[in-house]
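Those protein sequences? They're chains A and B, same order as listed.
Just so we're aligned: the first sequence equals residues 1 to 533 in the UniProt record's numbering.
Just so we're aligned: the second sequence equals residues 1 to 533 in the UniProt record's numbering.
Even for Gly, the Cβ is constructed at its ideal location relative to N, Cα and C.
2 protein chains.
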Amino acid sequence: MSGERLWLYDTTLRDGAQTQGVDFSQADKLRIARDLDALGIDYVEGGWPGANPTDDGFFADPPELRRARLCAFGMTRRAGRSAANDPALAPLLRSKADVITLVGKTSLRQVKGALGVEGDENLAMIGDSLREAGARVPETMFDAEHFFDGWKEDAAFALACLEAALEAGARWIVLCDTNGGTLPHEIGRIVEEVMRKIPGERLGIHTHDDTENAVANSLTAVRAGVRQVQGTLNGLGERCGNANLVSLLPTLVLKMGYETGVDAEGLRRLTHLSRTFDERLNRTPDRHAAYVGASAFAHKAGLHASAVAKSPAFYEHIDPSLVGNARDVLVSGQAGRSNLLARFDEMGLDLVPDAEQTQAILAAIKEREARGWAYDGASASFELLVRREMGGVPDYFALMSFRAIDERRFNAKGERVTLSEATIKLAVGKEHFFTVAEGNGPVNALDHALRQALSTTYPSLGHMQLVDYKVRILTPEAGTAAVTRVIIESADDEGRVWQTVGVSGNIIDASYMALHDAITWKLLVDGAAAPSS
Amino acid sequence: MSGERLWLYDTTLRDGAQTQGVDFSQADKLRIARDLDALGIDYVEGGWPGANPTDDGFFADPPELRRARLCAFGMTRRAGRSAANDPALAPLLRSKADVITLVGKTSLRQVKGALGVEGDENLAMIGDSLREAGARVPETMFDAEHFFDGWKEDAAFALACLEAALEAGARWIVLCDTNGGTLPHEIGRIVEEVMRKIPGERLGIHTHDDTENAVANSLTAVRAGVRQVQGTLNGLGERCGNANLVSLLPTLVLKMGYETGVDAEGLRRLTHLSRTFDERLNRTPDRHAAYVGASAFAHKAGLHASAVAKSPAFYEHIDPSLVGNARDVLVSGQAGRSNLLARFDEMGLDLVPDAEQTQAILAAIKEREARGWAYDGASASFELLVRREMGGVPDYFALMSFRAIDERRFNAKGERVTLSEATIKLAVGKEHFFTVAEGNGPVNALDHALRQALSTTYPSLGHMQLVDYKVRILTPEAGTAAVTRVIIESADDEGRVWQTVGVSGNIIDASYMALHDAITWKLLVDGAAAPSS
């Protein structure tokens, strides 16, 4: 274990903003910068002053950071201009950042091909720009664009670019694998060669995931001696993304023993930080993400099920609580009592079934799984199944009948349209309700009619909605005919998201079962009173 | 560049089946095994005979593979039993696989802690089981579970396990990083030590992505000399997944120069294969996946926008067409004529549109993609779109109206049932048809009513059926409201399987569109005569 200090540089708000489908507001940027600061990141790159109004606004009124240094990003001056008079550099030079990070080319082929200037002018562009920046802020850095490709083409020129930046006072020289095509063994070899001239305490690494090696490339550079690591939250970034700081951080600290600005408490908030970040961007968190994914420490009932139950540590490369994650032994008829209790514990279910109830629950799970039910993606239905076996779920309502009609016809404007409409008859205690509603399909219409019928008695149902609907046709073990499994995801105004499942030979019937569970779970969580009958 | 031959081993159907939320049907398994074979994978692990009914069914009637060897997976015998009399080994020994792959422990701590047996008995378990397997099939392998952890604890014992397997005739010894916690530099060091005793031509590598290093760990082992690489399609697998063969393959072939069973033509089908696989599992393909993601070669208007326009190669680490990807999406308005022709070629479509038709086809695709259509998982609809633009699809029938009713009520026996029924009115030429049918849901009922109405004119429709139905809710670029995308898979008695897609704000409408395409495609393939009108 190393014990040496590494500096972490986050570029989520600049390179991460290049992700397709991601569009930060100024409020997002402020909040994310504060979260990164609270985590213990050393450098937070806020954006590119002058590039767009959001970044201009951000640097005009930057967040107060507790200890992270705020970095403004930009490009070295154009050819044939002085740095002080370059209009693209001006917004950087007058920004309120602590650090200016300037990117410049280091590949001679690109200097000539893309910029159309000679090598000497490129060196002057780097030196002049960093000297000018160094006169305005206490710390500057140089991002060496396409460094590894440049080195392979002409190592002497690439090195001359780095040295020009060092001589102009850059605190850090960051080696960038801009197009993401360099492999770990090449990174290792080239960094070692660079370190014959420049000490690792002045070098940083910036990688992209185009070959799925961004994390390994960063680790390789660190092992070779580089002391600054750049990356983004959840690996955001252009094309395939940047190096994922959320994966790198635990590996560097827990497995390789480096010191960073992030303490043990910060690491324990990592899972929450990663998922909150996705929620902010309206992205579904990746279940399979290293360290922080919901499945990262989950075991399906296969090869390892009983061995995991016996000694989980054998199948877990770290204690999940160190990064704020938890074990999740999946529900299955094969899993047995200890898994069942472990699962309750994880779900925060304060339930201790006696031996007889445990048998009943396991039998119910097994019987349902044989008919095609699956609880992996439907923990709310799982909770209801358990509570029902233990006698703790009231019948909030009783369905008497429903009918859904889908019709393709002409509307008043003579357009051909398809409409879905559902009627529902149900009883809440002694009261009967009969409602009708439309929807974008029979299940959606049923959902609307159902909640309309129930809303008088249970007003909180007005604050929930169906957010996803998945269908799978399968042939279960028991029975020869195909059945349909429907999984419904619901959400409410309080930020809860829950999944329920239904299985039947009829897809509408399966959907109704999942809807019924979704509504029942919501009423249970809200502590709704059961009707007197 | 190396030029040496590597062997690829796919475990999608076994270790990949451990992915949370993934549930292969037997039909899925057959299709995926054939796709892997067509790609040029050397070994296809089909599952674990005896573990569950799907795997039993698969091995009872295994797919005919062109050149890949089919592997059956299982565990070495239990302690205190003979291999020939171990009930868990029996289904493997009598399966129709070409290869038997047996997993066994190599960590002394786990042998004692989890199995409760001594080291010598573990060595005997490995040797006996592989000898017994070797008497039944021409080739056997040993998966060394937790090998890297075992090596760190007691290298001599771990090595003794490998040697026991070799002595018992195993063709390959596969070093498994079972809990995914080993880092690339450790893999490199340990593989080099193992290779002092066992040549790389007998060694394989099996890694997991728990630190986001599965790809790098595999590459490191290959560089150290290992000649078999295991992985899964799209990195499927328990927890954070297995090593992603879709990322590994282009790196090994295009960047490191290894020979594999996959030729240049196979590599060009990689993007399509990866996305089709996700569609089959009803998963959204990862836009940011290395090599094959829709964004893998896409550039947002940022730092590089104008430079990319000037010289794209600087910002692309490989030519995207080598893996069947494109600077923009595969089937896309911007992809241009050559991509379109390549796509036809792949699909076996003997079509050569003129310049004007090409423009019309590209415009139609672009317009539909903006509204949420996707053709990667629906090639029959893609073919129809192209043929329609070229004027080659007759209107076999004209729908006038339909109505579908789903009702939950009591049947004659007093049981509560849900019934779906559809009526349809349509015209074939001058003849009108009005039919009604039941189904296991509104779409199934519509399908029955539709084919009943058409069967007089087109008797071949009696030999097709709807075999799968997938629904995804999405919010497309154009428009603010969510739409539903339905993909229907159909099959006929002649072994054809085809996929069609529909998109609409109403799920039944989207389903009807996909049904209409499914029937039209079948009639087109059968060469049905269009009605005279």
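- Per DSSP, the continuous beta strand (DSSP E) segment holding Val428(B) begins and ends at 416–428.
- Inclusion of Leu419(B) and Asn444(A) in the CB contact set at 9 Å is not warranted, their separation being larger than that value.
- The beta carbon of Tyr258(B) does not come within 9 Å of any beta carbon belonging to chain A, so the residue lies off that interface.
- Any Cβ of chain A closer than 9 Å to the Cβ of Glu407(B) would place that residue at the interface, and such an atom is present.
- Tyr396(B) is outside the set of residues whose beta carbon lies under 9 Å from a beta carbon in chain A.
- With distances taken between CA atoms, Val262(B) lies nearest to Leu322(B) out of Thr284(B), Glu238(B), Leu384(B), Leu322(B).
- Listed in chain order, the non-local C-beta contacts of Gly293(B) below 6 Å within the same chain comprise Asp286, Arg287, local neighbours out to five positions each way being set aside.
- Contact of Thr19(A) with chain B is assigned, a C-beta pair being separated by under 9 Å.
- Residue contact check for Gln110(B) against chain A: a CB pair falls below 9 Å.
- For Lys255(A), the chain B residues whose C-beta falls within less than 8 Å of its own C-beta are Gly181, Leu183, Thr211, listed in chain order.
- Nearest CB-CB separation between Ser25(A) and chain B: not below the 9 Å threshold.
- Neighbours of Lys152(A) in chain B, taken as residues at a C-beta separation under 7 Å, are lacking, since the least C-beta distance is about 12 Å.
- Comparing alpha carbon positions, the residue from Val22(B), Arg171(B), Asn217(B) closest to Thr182(B) is Asn217(B).
- Leu419(A) belongs to the set of residues whose beta carbon lies under 9 Å from a beta carbon in chain B.
- DSSP links His432(B) through a beta bridge to Ala427(B).
- Cβ contact annotation for Thr284(A) (same chain, cutoff 8 Å, sequence separation greater than five): Asp278, in chain order.
- In this structure, DSSP gives Ile365(B) a helical state, which the three-state scheme calls helix.
- Between the alpha carbons of Val226(A) and Gly204(A) lies a distance of about 6 Å.
- Judged by pairs of C-beta atoms under 8 Å, the region 73–85 of chain B touches the region 103–112 of chain B, as three or more such pairs exist.
- Contacts with chain A at 9 Å (Cβ-Cβ) do not include Asn85(B).
- Boundaries of the beta strand (DSSP E) around Gln230(B): 228–231.
- In the DSSP assignment, Lys152(A) falls within the alpha helix (DSSP H) that extends over 147–153.
- By the Cβ test, the region 379–394 of chain A is in contact with the region 518–532 of chain A, since at least three Cβ pairs between them sit closer than 8 Å.
- Listed along the chain, the chain B residues whose CB falls inside 8 Å of the CB of Pro442(A) are Ala404, Asp406, Pro442, Ile507, Ile508.
- Collapsing the DSSP output to three states places Thr101(B) in a strand.
- For Lys96(B), there is no enclosing alpha helix (DSSP H), as DSSP gives it neither H nor E.
- For Ser247(A), the nearest CB of chain B lies under 9 Å from its own CB, placing it at the interface with that chain.
- Using beta-carbon distances, His448(A) does not count as an interface residue toward chain B, since no partner is under 9 Å.
- Per the DSSP secondary-structure output, Trp48(B) pairs with nothing in a beta bridge.
- Partner residues in the beta bridge of Asp143(A), as assigned by DSSP, are Val103(A), Val174(A).
- Assignment of beta-bridge partners to Tyr258(B) by DSSP yields no partner.
- Comparing C-alpha distances from Gln465(B) to each of Glu494(B), Leu219(B), Arg136(B), Val246(B) shows the shortest one belongs to Glu494(B).
- Chain A places a beta carbon closer than 9 Å to that of Arg472(B), counting this residue as a contact.
- Interface flag for Leu399(B) against chain A is set, since a Cβ pair is found closer than 9 Å.
- Between Cys176(A) and Ala144(A), the beta carbon gap of about 6 Å places them in contact (Cβ cut-off 8 Å).
- Counting the other Cβ atoms within 10 Å of the Cβ of Arg485(A) gives 16 or more, which makes it buried.
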